[in-house]
Each structure stands twice: as structure tokens, then as C-alpha cells.
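Notes follow once the structure below has been shown.
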């Protein structure tokens, strides 16, 4: 069966510090991968998606970037965090172009 | 930008009652999906209804889709305390899922 991992679960970072969130998927190959951000009590905002290694599409211009160094690894990064980067970050995968399966999420607090 | 819009934003009912949530969208879709999110957790897929379907059932869940009105409803029958969660609709269009802001459902024991 397929599983998706995200870490860390919670992160508190100072403004201006770098960020690296990792997401890995097991049990499937060549998944579509997604990074979302969710503000408190709100819906999901698609940040990046990837259909293959090295292929990243950005949906929202911001100081975040994403990389896919391996087939089942998706990394969300920032060189300098802003206060507005605080939120709940969710990674998801899909094998078809339809249903998505989500990881447990990372709660990021930038102080 | 968000395409799906759920209403109500919040719903509080007694255990055993039925809960109905609605979702409206703006553009043509391939399918519409409903997901559940428990507090502080990832989302879990509940049900998918395709654009050529009008109604679909899964256990205590019933989803309807009216493409002429660009709207969908999710009915949870005989609600339980464990149904307390936020519920999101998502429309699939142009290879992406577009998400609504969600309905927060509270089931009172």
C-alpha cells in the first residue's frame, strides 16, 4: 500500500531563517506531487506541483521554492522566511489526475 | 484562486441528525470531490462524483451534483461524534484540484 510521509510535524523558525520541508511517498512510482499551504480555518492554496523528476510548476509567486530530486521525494524550501509564511503545509500525491492523498502536514510558525 | 465555495462555513448539529453541506463552483469540471480534514491533520478523500453523474452514495454519505447550477451537496446521515471535522469540496479542472474554504462540522453528543 502507498504511504506518504512529511516531516517535521511542527517547526518554529525565526524570520529570515531558511526552510526545508520534506515529503516522501512509498509504494508507488512516478506520482504527481503537490505542496499546499493552508491558513488557519481556510481552504488549501496550491503552491507547487510536479509530474516528474526535476519538473516543478509554481502556482503562486513567493519566496518559496520546490524541488524533486528523486521520483518520490518533494522538498519545499525557502532561503529567508517571512512572517506570512506561517501556516500548515500539506504534501499530497496522486497516481491519476484525480484523487489526491495527503500527508499529515507540517505546522510552521515563523516568529 | 478558490473556485469552490462551501456553505455553510460552520454547522453544529446533534448526534444522530443529518448534516448537509453545499458547494458551488464557477467553471466547467471533470469531476468534483469531497474531502474531510480532522483538526490539525491531512485531508482524507471521501467521494468523487463525475460530471456525468447526478448522485453517488458511499456508506452514510450521499453526494449530488447539479452541473446546470454548478453546485454539489454532501449529506451525512445519522451523524456521529467522529464526523466532527472540516469538509472541503474540490473541483477537478485543467489538471488541477481547486479547493473551497470548507465547512466546519461539529457534532454535539
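Residue numbers (my numbering), protein chains in the order written: chain A, 48 to 158; chain B, 3 to 111. The beta-carbon is built from N, C-alpha and C at its ideal position, and this holds for glycine as well.
Item, Value
"Sufficient close CB pairs (3 or more, under 8 Å) joining the stretch 21-34 of chain B to the stretch 86-100 of chain B", "yes"
"Runs of beta strand (DSSP E) wholly within the stretch 15-41 of chain B (minimum 3 residues, chain order)", "21-26 and 33-39"
"The stretch 66-81 of chain B contacting the stretch 127-142 of chain A, beta-carbon criterion three pairs below 8 Å", "no"
"Nearest candidate by alpha-carbon position, reference residue 46 of chain B, set A:119, A:157, A:152 and A:66", "A:152"
"Contact under 9 Å by Cβ, residue 121 of chain A with residue 106 of chain A", "no"
"9 Å Cβ cutoff, residue 95 of chain A in contact with chain B", "no"
"Where residue 129 of chain A sits in the DSSP three-state scheme", "coil"
"Own chain, CB closer than 7 Å to residue 19 of chain B, minus 5 neighbours either side, in chain order", "81"
"9 Å Cβ cutoff met for residue 129 of chain A and residue 157 of chain A", "yes"
"Residues of its chain near residue 50 of chain B, where Cβ-Cβ distance is below 6 Å and the 5 sequence neighbours each way are ignored", "33 and 35"
"Span of the beta strand (DSSP E) around residue 71 of chain B", "Note, residue 71 of chain B: premise wrong, no beta strand (DSSP E); not H, not E."
"Exposed unless 16 or more other CB atoms sit within 10 angstroms - verdict on residue 54 of chain A", "exposed"
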